[in-house]
Amino acid sequence: MPTYEYECDACHHNFDEFQSMSEPALTKCPKCGKKKLRRVFGAGAAVIFKGSGFYQTDYRSESYKQAAKADQDAAGKSAGKADSNGTSGSNGTAAAGGSKKAKGKTSKSEK
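Each residue of the sequence shown is one higher than the one before, counting from 714 in this note's numbering.
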């Protein structure tokens, strides 16, 4: 059974009424007694899930789940590939670092 919001046009009294959907709308204001009462379209009550186990993705369509899985698989495969120069880094600093040492001065242990 829903809760309906009412407002009186005569005295501006605003209240909520818990009534069945099959019941007719109220017309008489309980505060001033005039028949100037109207039903207001309110925001309504929000659904509240209590407890664990309710997730946003629980009720996704099958096509959405398949597309998300394909995107995840594609991202996983592209992250595991190596660069064209054989390093796994993005700028190849491991290969360049070794050549700089050969051009520079030698350390005491290498002499």
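All C-beta atoms in this analysis are idealised placements derived from N, C-alpha and C, irrespective of residue type, glycine included.
Alpha carbons only, please: which of the options is nearest the one belonging to residue i?
{"i": "Pro737", "options": "Ala783, Asn727, His725, Pro715", "result": "Pro715"}
{"i": "Ser733", "options": "Ala723, Tyr717, Lys741, Thr740", "result": "Tyr717"}
Apart from the five residues on each side of it in sequence, which residues of its chain come closer than 6 Å, Cβ to Cβ, to residue i?
{"i": "Lys749", "result": "Cys721, Asp722, Ala723"}
Distance cutoff 8 Å, beta carbons only. Does residue i sit that close to anything in chain D?
{"i": "Cys742", "result": "No chain D appears in the structure shown, which is made up of a single protein chain."}
Report the three-state DSSP secondary structure of residue i (helix, strand or coil).
{"i": "Glu730", "result": "strand"}
{"i": "Gly746", "result": "coil"}
{"i": "Ser765", "result": "coil"}
{"i": "Ala738", "result": "coil"}
For a quick check, are the C-beta atoms of residue i and residue j less than 8 Å apart?
{"i": "Tyr719", "j": "Arg773", "result": "no"}
Identify the continuous beta strand (DSSP E) that holds residue i and give its terminal residues.
{"i": "Glu718", "result": "716–721"}
{"i": "Arg773", "result": "First-last for Arg773: undefined, no H or E at that position."}
{"i": "Leu750", "result": "750–753"}
Within its chain, find whatever has a CB closer than 8 Å to the CB of residue i; leave out the 5 residues flanking it on each side and keep chain order.
{"i": "His726", "result": "Glu720, Cys742, Pro743, Lys744, Cys745"}
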